[in-house]
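Trainee: First, the structure itself, so that you have it in front of you.
In UniProt numbering, the protein residues as written are 1 to 112.
Given below as structure tokens:
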């Protein structure tokens with residue numbers, strides 16, 4: 001699965017979760033790949049398909065994207081896990097992290 005295919009999968013997952021989803025421009029997305037809306041709440045989503053742990057650079061991008069798009073929340077989703085520094089930065093900035101374990105749970109919940 002490519003990075004773009006992973007984004008498409010996350011798009012479909014959030015639609016199954018009842019969100020209205022839209023893609024941001026593929027270039028200059030300011031760290032946000034998708035915006036999911038439900039009940040007046042806008043959530044930015046950064047999808048990271050990585051073979052290694054996701055670093056705090058992704059969290060920095062998510063923080064910038066939250067401000068740029070004026071979002072209520074941001075979720076960084078990966079097929080892998082996050083570095084310790086990424087987790088610390090996410091906690092300090094109220095960025096929600098979905099690692100491989102959480103993503104697997106969501107897949108079970110919405111694709112069963």
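Where a beta carbon is used, it is the ideal one built from N, C-alpha and C, also for glycine.
What does DSSP give as the partner residue(s) for residue 97 in the beta ladder?
Mentor: Its beta-bridge partners are 76.
Trainee: Indicate the three-state DSSP secondary structure (helix, strand or coil) for residue 42 in the structure shown.
Mentor: strand
Trainee: Taking residue 85 as part of the alpha helix (DSSP H), name the residues at either end of that continuous run.
Mentor: 84-92
Trainee: Taking Cβ to Cβ, would you say residue 10 is nearer than 8 Å to residue 77?
Mentor: yes
Trainee: For the candidate residues 112, 7, 105 and 90, whose alpha-carbon lies nearest to that of residue 50?
Mentor: 7
Trainee: Leaving out five residues on either side along the sequence, give the residues of the same chain with a beta carbon under 6 Å from the beta carbon of residue 62.
Mentor: Within the same chain, residue 62 has close Cβ partners 31, 46, 74, 76 and 95.
Trainee: Does the beta-carbon distance from residue 13 to residue 110 come in below 8 Å?
Mentor: yes
Trainee: Between which two residues does the beta strand (DSSP E) harbouring residue 22 extend?
Mentor: 20-23
Trainee: Excluding five sequence neighbours on each side, which residues of the same chain lie with their C-beta closer than 6 Å to the C-beta of residue 54?
Mentor: 48, 78, 82 and 86
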